[in-house]
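Trainee:
Residue numbers (this note's numbering): 657 to 738.
(1) Label residue 690 either buried or exposed according to how many other C-beta atoms from any shown protein chain fall within 10 Å of its C-beta, with 16 as the threshold for buried.
(2) For the candidate residues 683, 729 and 679, whose alpha-carbon lies nearest to that of residue 697?
(3) Just the Cα atoms here: how many angstroms apart are residue 669 and residue 728?
(4) Pick from 720, 684 and 677: whose alpha carbon is nearest that of residue 661?
(5) Quick check: the Cα distance between residue 736 and residue 659, rounded to an integer number of angstroms?
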């Protein structure tokens, strides 16, 4: 039901010490690592935007247009290389 958007759902991220230390192993302190992680979570969630709701709506529209384009092509597989 969630994949077809028939029900609302939420994913929440919260900075924890162990996660922060893995992402920012060179931080000067544990507190700094957690602060850095919170900052990245806020940026990802568009908290710093003038209108975060509008920013999310624009982001969702871009993702939908890309998903629609890929679905229209009806690819049987995608192969990624790096």
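Every residue gets a Cβ at the ideal spot worked out from N, C-alpha and C, and that includes glycine.
Mentor: Working from what's here:
(1) Along the chain shown, read from residue 1 onward, the residue named residue 690 stands at position 34. With 16 or more other Cβ atoms within 10 Å, it is buried.
(2) Along the chain shown, read from residue 1 onward, the residue named residue 697 stands at position 41. Residue 697 has its Cα closest to that of 679, out of 683, 729 and 679.
(3) On the chain shown, position 13 is the one that residue 669 refers to. On the chain shown, position 72 is the one that residue 728 refers to. Rounded to the nearest angstrom, the gap between the Cα atoms of residue 669 and residue 728 is 32 angstroms.
(4) Here residue 661 refers to the residue found at position 5 when the chain shown is read from its first residue. Taking each of 720, 684 and 677 in turn and checking the Cα distance to residue 661, the smallest one comes out for 720.
(5) Locating residue 736 in the chain shown gives position 80, where the first residue counts as 1. Locating residue 659 in the chain shown gives position 3, where the first residue counts as 1. Residue 736 and residue 659 have their C-alpha atoms roughly 23 angstroms apart.
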